[in-house]
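Numbering (my numbering), first residue to last: 512 to 749. Accompanying notes for the structure given below.
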Amino acid sequence: MVEDGFNTNLQFECTGTYKVSGVKELGEVHCQFAHGRLDLRRALAFSCNCFFAQATRSLTTRAFLAKARALGLASPVAGRSSGLFPALESETKPSLPYVLGLAADFKPNCLQLMRLAGLIAIGPGERLPVLHSSENFELKDREKPLAVALTRKSAELLRSSMRLSVQEGTSSKLDPQDKMQIAAKTGTTDHGKKFQSQIIGFFPYDKPRNAFCLFSPAGTSVDAAVPEASNLILSTSW
Numbered sequence: 512m513v514e515d516g517f518n519t520n521l522q523f524e525c526t527g528t529y530k531v532s533g534v535k536e537l538g539e540v541h542c543q544f545a546h547g548r549l550d551l552r553r554a555l556a557f558s559c560n561c562f563f564a565q566a567t568r569s570l571t572t573r574a575f576l577a578k579a580r581a582l583g584l585a586s587p588v589a590g591r592s593s594g595l596f597p598a599l600e601s602e603t604k605p606s607l608p609y610v611l612g613l614a615a616d617f618k619p620n621c622l623q624l625m626r627l628a629g630l631i632a633i634g635p636g637e638r639l640p641v642l643h644s645s646e647n648f649e650l651k652d653r654e655k656p657l658a659v660a661l662t663r664k665s666a667e668l669l670r671s672s673m674r675l676s677v678q679e680g681t682s683s684k685l686d687p688q689d690k691m692q693i694a695a696k697t698g699t700t701d702h703g704k705k706f707q708s709q710i711i712g713f714f715p716y717d718k719p720r721n722a723f724c725l726f727s728p729a730g731t732s733v734d735a736a737v738p739e740a741s742n743l744i745l746s747t748s749w
């Protein structure tokens, strides 16, 4: 969005519910709270679905998937195959299910998302080293270091919003005393009566050395992924 000229100061209203048109699978988009008017930085920090439903109305699935591919979400990692990535025919579908993480054919795995957190942390002009698994040093498909497919402006916005998420947003219970100076992004997907959630991030914010991703098969990010990640991170010596 930002790299295509999206105005990062543009604000949209979140009342907690937004009616969607043109997407058969989605009649409405919901947020747990009404966030009021907010810009892109705060929408990322507070994971505002209503903001993104409005802000991405002109975003094509082709453009979204091209960026996802450039960020390694269709590539193997640490000797493991990629998670589910859409076939070419999916590029004509509405983009919103992909934007909100609801599309059945787009399921990046945790290692891919951890690598994404690392790419955001180091910023443009760098290459993220190839991730190795302690269980398997045979690299699949001759993995190569990924270049950071983000502009400096995009990377700075993402890092800033992820830091705000820990300070005020959906990740605020991750490290309440700010011992680790974490930057993080949460995501919650609604599967009928069941929620699944994830959190990715890196730390320390000013000089990143560690990246992480945690998936919780049951519960929202605030109720499940964040406290589970907090327990793991704060109970470990780094």
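Just so it is clear, CB atoms sit at the ideal spot from N, CA and C, and this is done for glycine as well.
Backbone secondary structure at residue i - three-state DSSP
i	result
Y716	coil
I744	helix
I693	coil
G636	coil
L725	strand
G527	coil
L623	Here the sequence assigns Gln to residue 623, which means Leu is not the residue at that position. Helix at Q623.
G629	helix
Buried/exposed call for residue i, threshold 16 Cβ in 10 Å
i	result
S593	buried
R626	buried
T603	exposed
T697	buried
T681	buried
T519	exposed
H702	exposed
H546	buried
F617	buried
L743	exposed
L599	exposed
A589	buried
A628	buried
A577	exposed
L668	buried
Beta carbon of residue i nearer than 8 Å to that of residue j
i	j	result
Y753	T662	In the structure displayed, the chain extends from 512 to 749; residue 753 sits before or after that span and is not available.
S741	K684	yes
S606	F575	yes
R548	Q565	no
V659	L613	no
S727	S748	no
A695	V677	yes
A632	F723	no
I711	V737	no
P619	R638	no
Y716	Q692	yes
K705	A729	yes
Check: residue i C-beta below 7 Å from any heavy atom of the ligand NAP
i	result
E602	Here there are no bound small molecules, and the ligand NAP is not part of this structure.
Within-8 Å CB hit, residue i to chain E
i	result
L745	Although the question refers to chain E, the structure presented lacks it and comprises just one protein chain.
Requested in this report: Return the chain-ordered ranges of every alpha helix (DSSP H) run that is complete within the stretch 531-619 and spans a minimum of 4 residues.
Outcome: 551-556, 560-566, 572-581 and 607-610
Query raised in the report: Touch check for the stretch 522-529 and the stretch 552-570: three-plus C-beta pairs under 8 Å?
Result: yes
**Report entry** Stretch-stretch touch, CB-based, cutoff 8 Å, three pairs: the stretch 619-635 with the stretch 568-586
**Finding:** yes
Query raised in the report: Between the stretch 668-682 and the stretch 545-555, do three or more beta carbon pairs fall short of 8 Å?
Result: yes
**Report entry** Every unbroken alpha helix (DSSP H) inside the stretch 649-688 [4 residues or more]
**Finding:** 663-678
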